[in-house]
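Trainee:
In the UniProt record's numbering, the protein residues as written are 1 to 73.
Next up, the structure:
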């Protein structure tokens with residue numbers, strides 16, 4: 001049995017067709033795994049096979065490609 005609850009879209013949601021909130025009440029703790037010398041201005045990610053590929057655009061015009069995967073010990 002699956003119960004779905006519809007949400008009212010307000011000012012805190014983006015203009016896409018999906019209900020993806022831009023913010024929330026709970027803060028997320030994070031630790032950087034990559035650090036670059038310039039600001040990142042664009043991020044695009046996709047899953048392919050067993051890993052995720054992320055393309056990062058920098059403020060000085062470079063495109064970085066990052067592959068993320070999980071290893072099971």
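Virtual Cβ for every residue (Gly too), placed ideally from N, Cα, C.
By DSSP, does residue 61 sit in helix, in strand, or in coil?
Mentor: In this structure, residue 61 counts as coil in the three-state DSSP scheme.
Trainee: Between which two residues does the beta strand (DSSP E) holding residue 40 run?
Mentor: From DSSP, the beta strand (DSSP E) with residue 40 extends over 40 to 48.
Trainee: Identify whether residue 69 lies in helix, strand or coil by the three-state DSSP scheme.
Mentor: Three-state result, residue 69: strand.
Trainee: Quick one: residues in its chain with C-beta nearer than 7 Å to the C-beta of residue 67, no 5 flanking neighbours on either side, listed in chain order?
Mentor: The answer, listed in chain order, is 51 and 53.
Trainee: What separation, rounded to the nearest whole angstrom, lies between the Cα atoms of residue 58 and residue 34?
Mentor: Straight-line Cα distance between these residues: approximately 13 Å.
Trainee: For residue 56, name the three-state secondary structure that DSSP assigns.
Mentor: In this structure, residue 56 counts as strand in the three-state DSSP scheme.
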